[in-house]
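Chemist: All residue numbers for the sequence shown refer to the UniProt record's numbering, where the first residue is 1 and numbers rise by one.
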Amino acid sequence: MSTLKDETTASHTESPSMEVDGNNQSVFVANEALARFQKHQHSMTVKEALKENWKPLIWCGYMFFVCIMYGYDALAGSVVISILEFRKDFGFRYGDEYVVSAAWQLGFQAAFFAGLMLGGFAVGPVVGRWGRKKTIAAAYVINIAGVFLQYFCTTPAQFFRGKLLTGFPLGAFATIAPTYASEMSPLAVRGAITGGMNLAIVIGNTVGYGVLREAGKYTGKDSYRILFAVQWGFVGVCLAILPFLPESPYWYIAQDKEQEARSVLAKLHKSSFDIDGRIAEIRSAMRQEHEAQQSQGSFKDCFNAQNRKRTGVAMMAFVIQNFSGMGWIVGYMSYFLQLAGMSAAKSFDLTVGISGIMVVGNLCSWFLVEYLGRRGTMLYGAGVLFVALLVIAVMAVAANSQAALTAQIVMMGIWAFVYQGTIGAVAWPVASENATSSLRTPAQALCTIANALTASIWGLSLPYAVNPDQGNLQGKIGFIYAALLLFCIVFVYFYVPETKGRTYSEIDELWQIGVPPRKWSSHELVVVEAGTKLRHNSDNV
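1. Candidates 319, 96, 388 and 99: which alpha carbon is nearest residue 475's?
2. So, with DSSP's three-state summary, where would you put residue 498?
3. Spatial neighbours of residue 303 within its chain, please: C-beta separation below 8 Å, excluding the five flanking residues on both sides.
4. Compare the C-alpha of residue 370 against each of 317, 422, 441 and 328 and name the closest.
5. If you count every other CB in all the chains shown that lies within 10 Å of the CB of residue 73, and 16 or more means buried, which is it?
6. Taking the C-alpha atoms as reference points, what is the distance between residue 167 and residue 201?
7. Alpha carbon to alpha carbon, how far is residue 62 from residue 402?
8. Could you pull out every unbroken alpha helix (DSSP H) segment of at least 4 residues lying fully inside the region 163-222, listed in chain order?
9. Should residue 222 be labelled buried (16 or more other beta-carbon atoms within 10 Å of its own) or exposed?
10. Between which two residues does the alpha helix (DSSP H) holding residue 132 run?
11. Using the Cα positions of residue 236 and residue 212, report the straight-line distance between them to the nearest angstrom.
12. Have a look at residue 561 and residue 149 and give me their C-alpha separation to the nearest angstrom.
13. Helix, strand or coil for residue 523 per DSSP?
14. If we count the other Cβ atoms within 10 Å of its Cβ and call it buried at 16 or more, is residue 313 buried or exposed?
15. For residue 86, report the span of its alpha helix (DSSP H) as first-last.
16. Report the rounded CA-to-CA distance for residue 523 versus residue 494, giving the unit in angstroms.
17. Cα-Cα, which of 462, 79, 327 and 390 is closest to residue 478?
18. So within the region 406-468, which uninterrupted beta strand (DSSP E) runs reach at least 3 residues, ignoring any that extend past its ends?
19. Report yes or no: do the region 128-135 and the region 73-85 share at least 3 C-beta pairs separated by less than 8 Å?
20. From the DSSP output, in three-state form, read off residue 99 for me.
21. Out of 232, 514, 417 and 328, which has the shortest C-alpha to C-alpha gap to residue 140?
22. Whose C-alpha, out of 463, 510, 484 and 32, is nearest the C-alpha of residue 106?
23. Taking the C-alpha atoms as reference points, what is the distance between residue 249 and residue 272?
24. Inspect the CB distances between the region 434-449 and the region 172-180 and report whether three or more fall short of 8 Å.
25. For the structure I just gave you, are there three or more beta carbon pairs, one from the region 448-461 and one from the region 181-190, closer than 8 Å?
26. Is the CB-CB distance between residue 91 and residue 99 below 8 Å?
27. Going by DSSP, what residues sit across from residue 93 in a beta bridge?
28. With a threshold of 8 Å, are at least 3 pairs of Cβ atoms found where one atom belongs to the region 358-369 and the other to the region 413-430?
29. Verify whether the separation of the beta carbon atoms of residue 395 and residue 329 is less than 8 Å.
30. Could you give the first and the last residue of the continuous alpha helix (DSSP H) run that contains residue 45?
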C-alpha cells in the first residue's frame, strides 16, 4: 500500500524537487502551500471531500449528463439496423428477412469512427485555445446538424454523411468530459468520479435500448426516426445549462490567467478553502513537464521520450475495451439474437435487461476502483472476461441448440456485469491519472482516437463476421477476442501502475524517477518542505 508522510518547516521553495534513497522511498521536496494542500487532500475522507467540493462535483454531474448523451448517440446509430423498417428502407431482402448489406454496414461504422477520430484530433488544440466551455458549445451545434441529417435521410449515402457529422462532436464529448471531471474532482473521490463517466455512457446505452424497445410500437419511418429525435432533447438540456458552466482552473493556469482561476475556485468553494494550495498543486503538476512553455502542449509532446510510456498506458486503457468484445456484445447483441432465431421483441427485451446488468456492474466499479485499485481492477477484470469469452466460443462450437444459445446469453450477462464493473469503468481514471498534467487534453484526445481506431477495426470487420450472407461466425468470434485479451493481460501486468491515492504531482514524480509500474503500490513517497534536513539511513528518510 502506498503511503505519504509529511514533515514541515517554515521555509519554502518555488518548485518541487525529488531525492531518492535505496529503501523503496522517494523524498518529494515541496513548497509550503503545495505540501499543506497535499497533506489535506490525503487526510480527507470521502464524506469530507463531498462536503467541501459539492459545487465542483455538481459540474462533474453536468459532464456526467454529457456522457449519457454520448452513450445514447453512439448506440442509436449502431442498433438502428436491428429495426425491420430501417432494414427495409436501407437494405434488401435476403431469404425470408431483410438485411443491410455488409458493405453499407461497414460504411456506416467507418463514417462514425472517422468522425470520432477527427473530433478527437481537433479537440486537443481547440480546447487549448478556446477552453472546455466554448469547445463543447461548438460540438453541440455540430451534433444538432448531424442528427438532422440522420433523421431526414432517405438513402444509405445520406445516412453515411449523417453518421460522419454526428461522430465528430462525440469525439469532443469523449475527450472533454473525463478531462474536466478529473480536474474538478478531489483526490478522495477522483477515481469514482472519472470512472462514473463510463456509468453515464452505460445509462445512455440503456436509455437507447429502452427507446429501441418502444420504437417497435411505431410503424413506418417513425419506428427508427424516433431514435434520432431523442438526441435533440439531450442537446437542448445541455445547451440550456452550458452558460453557467465554470471553466477549468487548469486551463486558466495554462493560459497564465491565475486571477480567473482564483475567481473560479472562490465561486466553487467556501471562503476557508485553500486557494493558494490548489493553485500551487496545479502549477506543480504542470511544472513537472516544463509547462512554462505556453499552454496545453501538443500531440507531438505526448510521444517524446519523457511521456510516451504514460501516453501509451492511457491509450491502451481504451484499446483494451475494444479487444474485450465490447463492440460485438454491446453493439450487435439484439442483431445476433435475431439471427439466432429469437423474435425482435424478445431480443429487444433481453438487450434492455443486459443493459440494466451493465448499470449495476458499473455501480460496483465505484467500490472496486478504490478497493482493488486501478491496476487490480483492470487485471482481474480482464482475466474474468477472458474466461467468459472462451466459454461463449466453446458453446458456439459444441452445440447448435436452444440450450447452447441460453448458455451463451447467460455468459453474455456475466460478461456485461464484469466488463462494466472493471475494464469499462477503470479506463477513465487510468487514462486521466496517467496522462501528463500539462498534456491531459491532447492525451485524452489520443485516447479517444485510439478507442475509435480500434473500435472501427471491429466496426468494419463485424458485419462480415456476423452477417448470415458472410462469415456467420456467431459466438465463435469469442475465440478471437479471448486471444486479444490474453495479450492485454500481459500488458497490464507489466506497464499499468497503481495510481490510487496519488495526487497528480506525485504521479508525475513517480513517472519521472522511473519506478517500475508494477511496483508503484509498494513505493513510499515522503513529502517534506524545502529547508527540512533529510537524514538517510536504513530505516528512515
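The beta-carbon is built from N, C-alpha and C at its ideal position, and this holds for glycine as well.
Modeler: Walking through what the data contain:
1. Considering only alpha carbons, the answer is 388.
2. coil
3. 311
4. 422
5. buried
6. So the two alpha carbons sit approximately 15 Å from each other.
7. 44 Å
8. 190-215
9. By the neighbour-count criterion, in which 16 or more other beta carbons inside 10 Å mark a residue as buried, residue 222 falls on the exposed side.
10. 132-152
11. 21 Å
12. No answer is possible for residue 561: the residues shown for the chain start at 1 and end at 541.
13. coil
14. Classification for residue 313: buried.
15. DSSP places residue 86 inside the alpha helix (DSSP H), whose first and last residues are 84-90.
16. 16 Å
17. 390
18. none
19. No contact exists between the region 128-135 and the region 73-85.
20. strand
21. 232
22. 463
23. If you take the alpha carbons of residue 249 and residue 272, they lie about 18 Å apart.
24. The region 434-449, when compared against the region 172-180, does touch it at the 8 Å Cβ threshold.
25. no
26. For the pair residue 91 and residue 99, the CB atoms are nearer than the 8 Å cut-off.
27. 98
28. yes
29. no
30. Run containing residue 45: none; DSSP gives neither H nor E here.
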